[in-house]
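S.K.: This is the structure I have questions about; it appears just below.
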Amino acid sequence: MKKKTFQKDFLWGGAIAACQAEGGFDQGGRGWSPMDMIEYESGKDAQKINLLDFYTTEKMNEGKDLSNGKFYPKRIGIDFYHNYKEDIKLFAEMGFKVFRTSISWSRIFPLGTEEEPNEEGLQFYDDVINELLKYDIQPLITICHGEIPLGLMEQYRGFYDREVIDHYIKYVKVLFERFGDRVKYWITFNEQNGMTTVTPLAAGVLKDKVDNMFEAGYQAAHNVFVANSLAIKAGKEMIPDAKIGCMIAGFTVYPATCNPNDIMKALTDTQLENYFYGDVMVRGYYPSFIKRYLEKNNIMLNIGENDLELIRQYTSDFLALSYYCSSVTSANAESLELTSGNLMSGGKNPYLQTSDWGWQIDPVGLRYVLNSLYDRYQIPLFIVENGLGYNDELTADEKIHDNYRIDYMTKHLLEVENAIDDGVEIMGYTSWGPIDIISMGTNEMTKRYGFIYVDQDNFGKGSKRRLKKDSFDWYKEVIKTNGKSLNSGK
Ligand code: BG6
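Anchor point for the sequence shown: position 386 equals 414 in the working numbering, and the numbering is continuous, going up by one each time.
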């Protein structure tokens, strides 16, 4: 029987986030974002940087002092703010069908609390969207990618406080009203399962403002479910032909052994990390395992009168996921050797190699998570992040021979094709950081994901010129042949 492969209208492309690429932090009337306050420290072992250490009132105030002599990479990004035309032209040259970016909330509502949006901010995204459409590239907009306006974190406790739901919906409606005629693909929040794994970052909660971050994470997750459903409700009314998805970081967790206790541990980890979020946002209800988990941990969620009905009624059109690596778990935690990974660390797998940042490279793990999510939800999946962070070397003749990236992506895309052949419905694939951007987790430039090299170092120095890596032409061919070239080993 003929193997099933990428469908004709498969959405190939790339994905970035405003806070890692845009820069222009003080331009166009933009307000502060917490991402502006995370400094780069020279000589620090990148793997040991803990982003969450920066989520304190003290750190935020320190950052506001423009004369403090520290360097804050996300304030300048790769200056996509001024270079977007050149960058989009390169994406078009690769044949992108879709481009995912987020909107910087504080560019639209500088403090988050204003009644009226900032016109200059809206105009910037109008221009970006129109530039994409000029090349027939569909915009896929993430409404909130890890940065609520700092004002909302100071006046409230981020999404731990319900008031922030109202500010989010006010912002969402402004975006739908302004861009809904041209933007048909939306994601309400980046990696919603970060609410409980990296609460300060995902939910915008300053650490000194709450006593119990564990409890705050679950309450914020609930408030974000409500915000998600309200956004879908507004979307159905305002842009009936739009597809509005939710997103999780797709965790693939293997049991360390076939000891039934390890198998059980892998299942409960998967329930807490993946299924809790999918069940609420796709199936529309709190699964029983999470209700028991909350009870056992003495967490009493503050659930509004109509929340559960709203969550039941307004579910996601598609489930988006990021995927970089897998991990191993065990009922006997001490037996595990830990290594880092996206959003959290996990046990090492002797069958896998790791990237230079300790993330375990596992293409089959992608097929695994795609199958497990589709089995459970039966709605289209969209892989909106995947890629390899690598410290690329620029040769004297200004080339970047990134065969390791081509290898990583070929293997992952072949597993995507296998998943399609398994019967999984996949809308598209946007590689992470098709152009080098600032790393979210380690705040450095040297962790590069792009097909396009940006001549810029960890201190923002360099010409910022854009250079094509070897993978540029490789990806162009993958898109041109709708994935057929993957099988030819080219
Ligand atoms: C994802 C985030 O979790 O991982 C991205 O959504 C991030 O913002 C990506 O960039 C890769 O992580 P890092 O730390 O290598 O940039």
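From the three backbone atoms N, C-alpha and C, an ideal C-beta is built for every residue, glycine too.
Leu171 and Val202: beta carbons closer than 8 angstroms?
M.R.: Note on residue identity: the sequence assigns Ile, not Leu, to residue 171. Against a cut-off of 8 angstroms, the Cβ pair of Val202 and Ile171 comes out as no contact.
S.K.: If you draw a straight line from the alpha carbon of Phe242 to that of Lys162, how long is it in whole angstroms?
M.R.: Between Phe242 and Lys162, the C-alpha separation is close to 46 angstroms.
S.K.: Identify the residues that DSSP records as bridge partners of Tyr503: which are they?
M.R.: Per DSSP, none; premise fails for Tyr503.
S.K.: From which residue to which residue does the alpha helix (DSSP H) around Gly245 run?
M.R.: Run containing Gly245: Met241 to Met266, per the alpha helix (DSSP H) assignment.
S.K.: With a threshold of 6 angstroms on Cβ separation, who are the neighbours of Leu364 within its own chain once the five nearest residues in sequence on each side are excluded?
M.R.: Excluding positions up to five away in sequence, the list reads Ser358 and Gly375.
S.K.: Does the Cβ of Ala230 have 16 or more other Cβ atoms within 10 Å, making it buried, or fewer, making it exposed?
M.R.: That one is buried.
S.K.: Tell me, please, which residues DSSP counts as bridged to Arg320.
M.R.: In the DSSP output, where bridge partners are listed per residue, Arg320 has none listed.
S.K.: Verify the CB distance criterion: does Val392 have a CB-CB separation below 8 angstroms to chain B?
M.R.: Judged by its chain identifiers, the structure shown contains no chain B, having just a single protein chain.
S.K.: Could you tell me whether any non-hydrogen atom of the ligand BG6 is closer than 7 angstroms to the CB of Ser134?
M.R.: Flag unset: Cβ of Ser134 not near the ligand BG6.
S.K.: Report yes if the CB atom of Ala259 is closer than 8 angstroms to the CB atom of Ile197, and no otherwise.
M.R.: Contact flag set, yes.
S.K.: Only counting the same chain, and skipping five residues up and downstream in sequence, which positions put a Cβ closer than 7 angstroms to that of Asp335?
M.R.: Result list for Asp335: Val254, in chain order.
S.K.: So within the segment 416-496, which uninterrupted beta strand (DSSP E) runs reach at least 3 residues, ignoring any that extend past its ends?
M.R.: Taking only runs of at least 3 residues, the beta strand (DSSP E) segments lying wholly in the segment 416-496 are 454-460, 480-482 and 494-496.
S.K.: Helix, strand or coil for Met372? Go by DSSP, reduced to three states.
M.R.: DSSP places Met372 in coil when its eight states are reduced to three.
S.K.: Measuring only the C-alpha atoms, how far is Tyr313 from Asp384?
M.R.: Answer to the nearest angstrom: the Cα atoms are 40 angstroms apart.
S.K.: In this structure, does DSSP put Glu90 in helix, strand or coil?
M.R.: Residue state, collapsed to three classes: helix.
S.K.: Check whether the Cβ atoms of Gln381 and Gly369 lie closer than 8 angstroms to each other.
M.R.: It is not a contact, given that the beta carbons lie outside the stated cut-off.
S.K.: What is the C-beta distance between Glu121 and Phe99, in whole angstroms, given that I count them as a contact (C-beta under 8 angstroms)?
M.R.: Rounded, the Cβ-Cβ distance is 32 angstroms, inconsistent with contact.
S.K.: How many Å lie between Asp297 and Tyr282 at the Cα?
M.R.: The straight-line gap from Cα to Cα measures roughly 10 angstroms.
S.K.: Between Gly91 and the rest of its own chain, which residues show a CB-CB distance below 7 angstroms, the 5 nearest in sequence each way excluded?
M.R.: Hits under 7 angstroms: Asp64, Met65 and Tyr100.
S.K.: When the Cα atoms are used, what is the spatial distance from Lys489 to Asp483?
M.R.: Cα-Cα distance, rounded: 8 angstroms.
S.K.: Across which residues does DSSP place Gly42 in a beta bridge pair?
M.R.: According to DSSP, Gly42 bridges with Phe127 and Ser459.
S.K.: On the three-pair Cβ rule with 8 angstroms, is the segment 494-501 touching the segment 394-410?
M.R.: With the cut-off at 8 angstroms, the segment 494-501 and the segment 394-410 do not touch.
S.K.: Taking the straight line between their C-alpha atoms, what separation do you get for Asp209 and Leu39?
M.R.: Between Asp209 and Leu39, the C-alpha separation is close to 20 angstroms.
S.K.: Comparing alpha-carbon positions, which option in Val211, Glu219, Thr84 and Ser132 lies nearest Asn414?
M.R.: Of the candidates Val211, Glu219, Thr84 and Ser132, the one whose C-alpha sits nearest the C-alpha of Asn414 is Glu219.
S.K.: Confirm, please, whether the CB-CB distance from Leu118 to Thr458 is below 8 angstroms.
M.R.: No. Outside cutoff.
S.K.: Does the beta carbon of Thr33 fall short of 7 angstroms from some heavy atom of the ligand BG6?
M.R.: Not under cutoff, so the answer is no.
S.K.: Could you tell me whether the Cβ atoms of Pro177 and Gly123 are closer together than 8 angstroms?
M.R.: Against a cut-off of 8 angstroms, the Cβ pair of Gly123 and Pro177 comes out as no contact.
S.K.: Contact defined as beta carbons within less than 8 angstroms: I believe Tyr112 pairs with Glu159. What is the distance between those atoms, to the nearest angstrom?
M.R.: That pair is a contact at about 6 angstroms.
S.K.: Answer with buried or exposed for Tyr303, where buried requires no fewer than 16 other C-beta atoms within 10 angstroms of its C-beta.
M.R.: Counting Cβ neighbours within 10 Å, Tyr303 comes out buried, since at least 16 surround it.
S.K.: Going straight from the alpha carbon of Phe34 to that of Gly51, what length do you get?
M.R.: Cα to Cα, Phe34 sits roughly 35 angstroms from Gly51.
S.K.: Count the C-beta pairs between the segment 284-292 and the segment 263-274 that are closer than 8 angstroms, then say yes if the count reaches three, no if not.
M.R.: They do not touch, by the three-pair rule.
S.K.: Going by other Cβ atoms of all chains shown within 10 Å of its Cβ, with 16 needed for buried, is Asp155 buried or exposed?
M.R.: Exposed, because fewer than 16 other Cβ atoms sit within 10 Å of the Cβ of Asp155.
S.K.: Rounded to the nearest angstrom, what separates Thr509 and Glu323 at their Cα positions?
M.R.: Straight-line Cα distance between these residues: approximately 52 angstroms.
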